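> Each position in the sequence shown, counted from 1, maps to that position plus 14 in the numbering used here. This structure is in structure tokens; I'll ask about it shortly.
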Amino acid sequence: MDDPSKEEGPRVLKVLEALKQASHELQAHPRQDFDEPNSSAIKALLELETESDTILSKDPNLSILSQHLTSLKNLVETFQKCRGHLSIRSFLTRRVSTHSISRVAGSIENEIQAWIDRESVENLTWVLREPGNDKEEETVRLLTQFEDRLAEGFNRELQDLILKSKVFSLLESTLCDPDSSKRIREHSAFAIGALIRFNKDVFVGQVLMGPTTRALITMASPHSIKVLCFLIRSIKSPLVDVIESNGEIPRIIAFLNCQDVQVRVMAMDCILEIGYFGRKEAIDAMLEEGLIKKLVELQRSELGGDLIELGRYNQT
């Protein structure tokens with residue numbers, strides 16, 4: 015039997031997104047919205063506060079949000095009652111109400127984002143734990159949504175949620191799973207890269223100790239090698255040491271012989287990153303694989319100029 019709460023999810027999300035947008039507008043243009051009683055932000059909040067009584071009451075995680083909405087409605091009503099009055103008391107009341115409304119609107123936006131994050135992470139972890147051939151589009155959508163959220167910047171509550179849900183381990187397992195589609199594995203790699211960008215200090219240890227780099231090299235796709243380049247650029251020498259100690263450098267050098275030109279371009283970038291951040295052992299390993307000879311052959315080949323142009327294009 016279907017979970018009614020799951021069926022209600024899209025409706026709740028629609029209401030919350032509207033509330034979040036209205037709250038954001040109140041914070042961005044407080045005076046403009048408060049001076050205009052029919053402003054879209056004020057109207058949306060007052061209308062949605064009434065609708066939220068039936069929607070938000072079903073989710074205990076939204077109880078604080080419901081309280082904030084009630085407080086906001088009362089503050090807006092107090093502010094509007096003072097409009098048109100010229101007394102000092104009315105002036106001070108309006109000033110205090112303006113500050114309070116902006117503060118409560120910020121709390122509303124934060125509560126809504128926290129709820130959205132919980133739902134998104136819960137849905138992502140579920141689909142990664144229960145993979146299926148019929149879930150590829152949904153999985154890619156959730157992974158892309160997760161990447162976009164991480165790209166918004168660091169958030170302590172989101173990080174705690176990610177750690178508690180063991181998202182990194184699930185992404186790594188998916189990346190290493192040969193039964194998962196190439197598309198899902200690549201988006202899992204993107205998400206791992208996004209986690210490193212989100213907070214390298216917290217997630218770098220899992221990259222260094224886990225099978226992520228080996229899985230990226232084994233995939234041997236332009237996207238997987240691009241993520242590998244990013245990880246080397248972010249983690250620097252410690253990751254190059256891991257790659258070298260695992261004997262993966264010969265496999266990276268071998269990509270220069272790949273028929274896929276995009277793979278060759280990404281391999282060149284990867285080799286440059288290793289050369290820049292690697293220790294002597296890594297450089298020696300590349301030279302032992304005949305790197306100089308391969309580079310000369312590439313330069314003389316018909317694809318030499320194309321590789322340079324593609325490399326410039328990929329860096330823009």
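Ideal Cβ positions, reconstructed from N, Cα and C, are used throughout, including at glycine. Just so it is clear, the structure is predicted and the values come from calculations on it, not from any experiment.
1. Is the region 123 to 143 touching the region 170 to 189, taking contact as three or more C-beta pairs under 8 Å?
2. Would you say residue 252 and residue 222 are within 8 Å of each other, going by their C-beta atoms?
3. Residues in the same chain with beta-carbon distance under 6 Å from residue 240, minus the five sequence neighbours each way, listed in chain order, please.
4. Measure the C-alpha to C-alpha separation of residue 165 and residue 155 and round it to an integer number of angstroms.
5. To the nearest angstrom, report how far apart residue 105 and residue 118 are at their CA atoms.
6. Measure from the alpha carbon of residue 249 to the alpha carbon of each residue in 31, 219 and 82, then state which is nearest.
7. What is the DSSP secondary structure of residue 303, reduced to helix, strand or coil?
8. Do you know whose CA, among 124, 84, 161 and 85, lies nearest residue 138's CA?
9. Determine the closest residue to residue 204 out of 215, 192, 191 and 186, with distance taken between C-alpha atoms.
10. Buried or exposed for residue 306, please, with buried defined as at least 16 other CB atoms from any protein chain shown within 10 angstroms of its CB.
11. Looking at residue 238 and residue 295, is the spacing between their C-beta atoms short of 8 Å?
12. Taking only the alpha-carbon atoms, compute the straight-line gap between residue 308 and residue 273 and give it to the nearest angstrom.
Straight from the coordinates:
1. yes
2. yes
3. 280
4. 15 Å
5. Any reading at residue 105 must be qualified, since the residue scores a pLDDT of 46, below 50, and its modelled position is unreliable; the value itself is stated next. Straight-line Cα distance between these residues: approximately 20 Å.
6. Measuring from the Cα of residue 249, the nearest candidate turns out to be 219.
7. coil
8. 161
9. The shortest C-alpha separation from residue 204 is found at 186.
10. exposed
11. no
12. 14 Å
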